[in-house]
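Line order of the protein sequences matches chains V and B. Here the working numbering = 1-based position in the first sequence + 30. Here the working numbering = 1-based position in the second sequence + 863. Glycine residues also receive a C-beta, built at the ideal position from the N, C-alpha and C atoms.
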Amino acid sequence: MTTTTTVPDRGRLLRRLRRNPLAVVSFVVLTLAVLVAVLSPWLAPYAPEATDFGRTFTPPGTPGHPLGTDDLGRDVLSRIMLGMRASLTVGVLAVATALVIGVPLGLAAGYFRACDAVISRLADLMLAFPFLILAVGLAAIRGASLANAAVAIGIAQIPGIIRVVRSDTLRLKSLDFVAASVVDGAGDLWILRRHVLPNATSVVLVQATVAIPAAILGEAVLSFLGLGIQPPDPSLGTMLATAQQFAARAPWSAILPGLAIMLLALAFNVFGDSLRDALDPKGSTR
Amino acid sequence: MRGYLFTRAWQSLLTLFLATAVVFLGIRALPGDPALALAGEDRSPEALAAIRAEYGLDQSVFVQFGRFAWNAVRGDLGTSTRTGVEVTAMLGTALPVTIELALLAILLATVLGVGAGTVAAVRRGRPAEWLANGLALIGLSVPHFWLGLVAILYLSVSTGLFPASGFVPFLDDPVANLHHIVLPVVILGTGLSAVIMRQTRSSMLDALGTDYVRTAKAKGLRPRAVIGRHALRNSLIVVVTIVGLQLGALISGAVVTEQIFGLPGFGKMTIDAVFQRDYPVIQAVVLVTATAYIGINFLVDLLYSLIDPRIRVGGAAA
């Protein structure tokens, strides 16, 4: 049975996105950022851990070090490039964790009434629990690392995913093509996999696009507090933590990594907004 | 109402119990022997045994938990294994700092967020909306602890307009207190306001499109009255929910803000306790967080019925 659905066709979606200058700009920035992050081990002019004690705190614009050097004479540009790689890795890992756990739970909560009370209650509880306490606990139990930071952030994002998927499942469940499928004698799991999940993709996609920047900010906070990526591995958060001690002497080392985080997060958020607008069937700009 | 309060009370107790039990068992699963950490130089078996006996570490986890719960009910949260100070005394000095920071930040965030969100909805498609939307997007994307660092760098270190760190209790010197807390409040509050602004804008847009708003306009009410009394009041429900849900973000944000500005609050106490494996303090922190969470959610529910009299606390009418 081939049922057409409420998903806007891909051509119209792309047309709408292309007409929105913000969507185009943010997409270009994101693509560049991802390219830089993926290729940073080859693109970076220096090894991120390479120290040069003869050239500490050189200001931006110095030949050979366009963004200057830090307290150990390490190249700030190279460290920012690899830091962005770490940020994106944590962002994607965290959101993947949240999706793997959150999407099935959201589907179950929306589709099976019996599950709804338990899952939704759990999601409410998690939503208000301070994510930092969770991250702190996890770092204490399993040690501070990139992977543990990603897991903590991912767990914190599960309730948001559950809510979005649940409400879209509730909506889809009431539509005629699902009812037709039930009359056809299709099983629940088949309906969920064949009809509900594919149609919920768009809301999941939007939620993921706004969850990634939140995860990137979360990683920066954790690494800044010493609970995430550990030095000497480059991370924008740990760069800021070191820069804090020398901020008066080398302000650029405190400002540039923060700008890099903001640029990444902003590009994701703007693109997520544009995507949501383009997917909105009413075509409104909300 | 009574039935509601009863349900609410046992749910709260269950939440408190679960949160405390999970953390209690969780930290005991941590690698590292607290007795070793406490022993310092003298690590002889006798000294370790004495320490274990003193802190009850030689008993089963369940006995330890039972003792903790019984003492907590009587208002005794134990003493810090690091400093030897009573945990309740530590909370007594740390909590007021965080409560002041959090209340002022939420106040600022709500005023900024609701204000900007209303303006953005009313001035739809005009420069004011673009400005408000742009600021909210930046607010969602900027790492606020970094803004704090930059603010310290340029407003405290370079120009000396604000103190870079430290805290003065309000009762000792109100002016110095506010002077110390302004920057942390602005950093934490603006961070929270972005979410509130976006939510206000979207629910205001919904409210402005409804029939009762059109009716209010049609009968000649001044725009100010239509927006304030009809549209805004009805969108406040969503805003209150969002403010309630921001509690977790508020606590996390307070931890980081306190760390940056060197405020001796609850957040700093938490981080220090975890890094130092200070069990009694960690337990107390979780207990206080869970209690605050339950209390604030209850307040949010009560606020609903204040804003919208049709909503009766407890669901059913009357």
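- When CB distances to chain V are screened at a threshold of 7 Å, not a single residue of the segment 1029 to 1056 of chain B falls below it.
- Closer than 9 Å at the C-beta level to chain B, one finds these residues of the segment 268 to 291 of chain V: L270, A273, Q274, A277, A278, P281, A284, I285, P287, G288, L289 and I291.
- Taking 8 Å as the threshold, the shortest C-beta distance from P1006 of chain B to chain V falls below it.
- Straight through space, the alpha carbons of S1021 of chain B and A1112 of chain B are spaced by roughly 30 Å.
- Exclusion of the five residues before and after P262 of chain V leaves E79 as the residues of its chain whose Cβ lies within less than 7 Å of its Cβ.
- By the neighbour-count criterion, in which a residue is buried when 16 or more other Cβ atoms sit within 10 angstroms of its Cβ, D1035 of chain B is exposed.
- In this structure, the CA atom of M953 of chain B is about 37 Å from the CA atom of I1100 of chain B.
- For the segment 238 to 271 of chain V, residues whose beta-carbon sits nearer than 7 Å to a beta-carbon of chain B comprise P243, L247, A250, V251, F254, L255 and L270.
- DSSP places S197 of chain V in the uninterrupted alpha helix (DSSP H) bounded by L176 to K203.
- Here L255 of chain V is not near Q1109 of chain B, since their CB atoms are 8 Å or more apart.
- Runs of the alpha helix (DSSP H) lying entirely within the segment 909 to 954 of chain B, each at least 4 residues long, are 924 to 936 in chain order.
- Fully enclosed alpha helix (DSSP H) runs of no fewer than 4 residues occupy 40 to 49 and 51 to 73 of the segment 39 to 124 of chain V, in order along the chain.
- Within chain V, no residue has its beta carbon less than 7 Å from that of L877 of chain B; the closest one is some 11 Å off.
- Excluding sequence positions up to five before and after L118 of chain V, its CB lies within less than 6 Å of the CB of A67, all in the same chain and listed in chain order.
- In terms of beta-carbon proximity, I163 of chain V lines the interface with chain B, with at least one pair separated by less than 8 Å.
- With contacts defined by Cβ atoms closer than 8 Å, A53 of chain V and A297 of chain V do not form a contacting pair.
- Taking C-beta atoms under 8 Å as the contact rule, L107 of chain V and T81 of chain V fail to qualify, at a distance of about 15 Å.
- Proximity of Q1122 of chain B to chain V, defined by a Cβ-Cβ separation below 8 Å, is satisfied.
- Nearest to P89 of chain V by alpha-carbon distance, out of V:V300, V:L309, V:R279 and V:F57, is V:R279.
- Chain-order list of chain V residues neighbouring L958 of chain B: empty, with the shortest C-beta distance near 15 Å, by a criterion of under 7 Å.
- Rounded to the nearest whole angstrom, the CA to CA distance from V1013 of chain B to T1073 of chain B is 44 Å.
- In this chain, the alpha helix (DSSP H) harbouring P287 of chain V covers P281 to L309.
- If you draw a 10 Å sphere on the C-beta of R104 of chain V, you find 16 or more other C-beta atoms in it, and that means buried.
- Residue environment: T231 of chain V is assigned as exposed (fewer than 16 neighbouring CB atoms within 10 Å of its CB, all protein chains considered).
- Between V166 of chain V and chain B, the shortest Cβ-Cβ separation is below 8 Å.
- Beyond the five residues adjoining it in sequence on each side, G1029 of chain B comes within less than 7 Å, by CB distance, of H1043 and G1125 in the same chain, given in chain order.
- Contact of L155 of chain V with chain B by beta-carbon distance below 8 Å involves T878.
- Positions of the alpha helix (DSSP H) runs, each at least 4 residues long and wholly inside the segment 1052 to 1076 of chain B, cannot be given because no such run exists.
- Residue burial annotation: G938 of chain B is exposed, with fewer than 16 other C-beta atoms found within 10 angstroms of its C-beta.
- Linking R871 of chain B to L879 of chain B through their CA atoms gives a straight-line distance of about 12 Å.
- Membership of H1007 of chain B in the alpha helix (DSSP H) is indicated by the continuous run H1007 to A1014.
- In terms of beta-carbon proximity, N299 of chain V lines the interface with chain B, with at least one pair separated by less than 8 Å.
- Assignment of beta strand (DSSP E) within the segment 225 to 280 of chain V, counting only whole runs of 3 or more residues, yields no such run.
- Contact between the segment 968 to 979 of chain B and the segment 1044 to 1061 of chain B is present: three or more C-beta pairs spanning the two stretches fall below 8 Å.
- For G113 of chain V, the closest C-alpha among the options V:L97, V:A216 and V:A290 is that of V:A290.
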